[in-house]
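The next block holds one structure in the form of structure tokens; read it before the comments.
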Amino acid sequence: VPCGVPSFAESLRAGTEVYQSLKQVLRKNMGPMSTNVGDEGGFAPAFDTSRQAMDVLLKAIEAAGYAPGKEVYLAMDAAASEFYSKGVYELDGKKMSSGEIVDFYVSLSEDYPLISLEDPVHEDGFTDMAELTAKIGKKMQLVGDDLFVTNPQRLRTGIDAKAGNAMLLKVNQIGTISEAMRAAEICFDHGYNVMVSHRSGESEDTTIADIAVALECGQIKSGAPARTERTAKYNRLLRVEENLGSKAKFMGRGAFF
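Just so it is clear: in the sequence shown, position 247 is 488 by the numbering used here, and no numbers are missing.
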């Protein structure tokens, strides 16, 4: 997350340079197969642990000439429902209880420049998310995607439980722009951040870029700077910043805290 620079254009440049740097680091250390990409343009190397992935990202940031935790931060979509079953989280070759998975993320937050963590617990884990929020929610963003599904009712449940401090906004998940805007309004009314998001299956439509600007939320999740259905959103934001000129405001780190 290149949020320690002064403009969106420079942020996109930093993100792209880190992406290309990561490609070289992976290829050098793990071979060419490690740079195969997924639906969203991200690389798909085989790591044994989460920490190995974080360490490689730090190397890529530094190799690109940026300072981790100052100019470029880390963000993670844990998608914890994918490794949760019957009360147990299975991650990095270990079985963890709810308390243990919370401690695992607390440890990561202490050792790495994490600024945002999405779906660290399973999709109905409001209690687990609330516990994690109480421990690290003041120093980083904790995002509910599967937890809230852009649904005002589930969002209110999370707010009442003090679970998380941000929502991932997916317009076609809730169904209409007006319902998505209502969910965003609820977030802002209760001090929650909003991150506008793409979907795994995308087109070159750039509406979500305009929604992010309209909401003034300062955050968009649109995948790697690769594949035209991803870069189209970033290119739209470049044009918006250019057209606004001196009126454009890049929130940077302020979008998270």
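For each residue, glycine too, the CB sits at the ideal point set by N, CA and C.
Using a C-beta cut-off of 8 angstroms, the segment 294–303 makes no contact with the segment 329–342, since fewer than three inter-stretch Cβ pairs fall below that distance.
Per the coordinates, the alpha-carbon of Tyr330 lies some 21 angstroms from the alpha-carbon of Leu355. Secondary structure note for Met271: its alpha helix (DSSP H) is the uninterrupted segment 249–271. Straight through space, the alpha carbons of Ala319 and Asp369 are spaced by roughly 14 angstroms. Beta-bridge pairing by DSSP links Ser357 to Ala316, Gln382.
If you draw a straight line from the Cα of Asn406 to the Cα of Gly378, it is about 7 angstroms long.
A Cβ-Cβ separation of about 14 angstroms leaves Cys458 out of contact with Val481 under the 8 angstroms criterion.
Runs of the alpha helix (DSSP H) lying entirely within the segment 421–469 and spanning at least 4 residues, in chain order: 448–456.
Taking a C-beta distance under 8 angstroms as the contact criterion, Cys428 and Tyr314 do not qualify as a contact pair. When Gly432, His431, Tyr475, Ala424 are compared, the shortest CA-CA separation from Ile449 is found for Tyr475. Residues of the same chain with a CB within less than 8 angstroms of the CB of Lys376, apart from the 5 flanking positions on each side, are Val343, Val347 in chain order. With fewer than 16 other Cβ atoms from the protein chains shown falling within 10 Å of its own Cβ, Phe498 counts as exposed. In the three-state DSSP reduction, Tyr307 falls in the coil class, being neither helix nor strand.
With a threshold of 16 other beta carbon atoms within 10 Å, Glu258 meets it and is buried.
Inter-residue distance for Ala402 and Leu373 is about 12 angstroms (C-alpha atoms, whole angstroms).
Judged by DSSP in its simplified three-state form, Glu281 adopts coil rather than helix or strand. Residue nearest to Lys269 within the set Pro286, Thr290, Asp386 is Pro286 (criterion: CA-CA distance). The criterion of a C-beta distance shorter than 8 angstroms is not satisfied by Val384 and Ser350. Contact between Val362 and Ala308 is absent: CB atoms are separated by about 31 angstroms, not below the 8 angstroms threshold. Within the same chain, and ignoring the five residues on either side of Leu478 in sequence, the residues whose Cβ sits closer than 8 angstroms to its Cβ are Phe249, Leu253, Ala450, Ala453, Val454, Ile461.
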